[in-house]
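These protein sequence lines map, in sequence, to chains A and B. Note that our numbering numbers the first sequence so that position 53 is 53, with each residue one more than the last. Note that our numbering numbers the second sequence so that position 18 is 18, with each residue one more than the last. By construction, the Cβ of each residue, glycine as well, lies at the ideal position given by its N, Cα and C atoms. Take a look at the structure set out below.
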Amino acid sequence: SQQGEEDPQALSIQEGENATMNCSYKTSINNLQWYRQNSGRGLVHLILIRSNEREKHSGRLRVTLDTSKKSSSLLITASRAADTASYFCATDDDYGQNFVFGPGTRLSVLP
Amino acid sequence: ETGVTQSPTHLIKTRGQQVTLRCSSQSGHNTVSWYQQALGQGPQFIFQYYREEENGRGNFPPRFSGLQFPNYSSELNVNALELDDSALYLCASSPAGNHYGYTFGSGTRLTVV
């Protein structure tokens, strides 16, 4: 089954800076999603981007998708301490039935 | 509109025992997926239920089984617990299919000793 792989594994920035996380995947997809997880809690859905879309925005979040490179990026602008969390990308599996998650990027935003 | 609720929040079991975890899906969602998340790892897909039928399964042994009820709530059962089953178990619901984002519960933290 295919799986997204986030990069970097960990990222530490100062409050106010922008944070960029990348996700690479192996085979063609229908959808790609980004989720946030605060320590030990459930995942929160951030954005879903379809394979025919190239960019989506939601507040301070911007997601891009490059299907030719099989990669996506999540940009968080003007980061806040509350953005400290793990961020996961999820791609649909070989059967298009379920989402498969990568190992995540652990973001720390320092005040 | 309520979100996804899971119970219990924490659980400690002994190796070899059996455990049942419960999940109430968000109103209007007929699809429930279960994930296992080991510490420091991404969630691993266990299986999905759609309209009371299993609709896809990940690489987990048969001692992981599930049910979905007519009200779309779901159970995850694990028999013959092993130490490596210690993890956060997450339930996620969605409208039919995977064309929408999942709504996750807060999870059940299972510790096997």
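ask   = Taking one C-beta from the segment 33-51 of chain B and one from the segment 86-96 of chain B each time, how about it: are there three or more such pairs within less than 8 angstroms?
value = yes
query = So B/Gln-121 is in the beta strand (DSSP E); what residue range does that whole segment cover?
reply = As displayed, chain B neither begins before 1 nor continues past 113, which places residue 121 of chain B out of reach and without an answer.
query = Using a Cβ-Cβ distance under 9 angstroms, would B/Gly-115 count as near chain A?
reply = Not covered by the structure: residue 115 of chain B. The range shown for chain B is 1 to 113.
query = What is the residue span of the beta strand (DSSP E) that B/Gly-56 lies within?
reply = Within the second sequence, numbered from 1, the residue matching residue 56 of chain B stands at position 56. Run containing B/Gly-56: 53-57, per the beta strand (DSSP E) assignment.
inquiry  = Residues of the segment 23-54 of chain A in Cβ contact with chain B at a cutoff of 9 angstroms, in chain order, please.
reply    = Asn-30, Asn-31, Gln-33, Tyr-35, Gln-37, Gly-40, Arg-41, Gly-42, Leu-43, Val-44, His-45, Leu-46, Ile-47, Leu-48, Arg-50
key: Residue range of the unbroken beta strand (DSSP E) whose run includes B/Lys-13   = Position 13 of the second sequence holds residue 13 of chain B. From DSSP, the beta strand (DSSP E) with B/Lys-13 extends over 10-13.
request  = Below 8 angstroms CB to CB, which residues in the same chain sit around A/Asn-98 once its five sequence neighbours on both sides are set aside?
outcome  = Counted from its first residue, the first sequence places residue 98 of chain A at position 98. Same-chain partners within the cutoff: Asp-92.
inquiry  = If you measure between the beta carbons of B/Arg-51 and B/Asn-30, is that distance less than 9 angstroms?
reply    = Your numbering for residue 51 of chain B matches position 51 in the second sequence. Your numbering for residue 30 of chain B matches position 30 in the second sequence. Result yes, Cβ atoms of B/Arg-51 and B/Asn-30 sit closer than 9 angstroms.
request  = Please report the Cβ distance between B/Tyr-114 and B/Ser-33, rounded to the nearest whole angstrom; I am assuming they are in contact, meaning their Cβ atoms lie under 8 angstroms.
outcome  = Lying outside 1 to 113, the shown extent of chain B, residue 114 of chain B is not represented and no answer is given.
query = Where does A/Ser-1 fall in DSSP's three states?
reply = Position 1 of the first sequence, counting from 1, holds the residue named residue 1 of chain A. For A/Ser-1, the pLDDT reaches just 46, beneath the cut-off of 50, and the residue's location in the model is therefore unreliable, although a value from the coordinates is still provided. Of the three classes helix, strand and coil, the one that applies to A/Ser-1 here is coil, per DSSP.
task = Could you name the residues that DSSP lists as bridge partners for A/Asp-92?
result = Along the first sequence, one-based indexing puts residue 92 of chain A at 92. Note: A/Asp-92 sits in a beta bridge opposite A/Phe-99.
message = I'd like the list of long-range same chain contacts for A/Glu-15, defined as Cβ closer than 8 angstroms, with 5 residues on each side in sequence excluded.
response = Looking up residue 15 of chain A in the first sequence gives position 15. The answer, listed in chain order, is Ser-79, Arg-80, Ala-81, Val-109, Leu-110, Pro-111.
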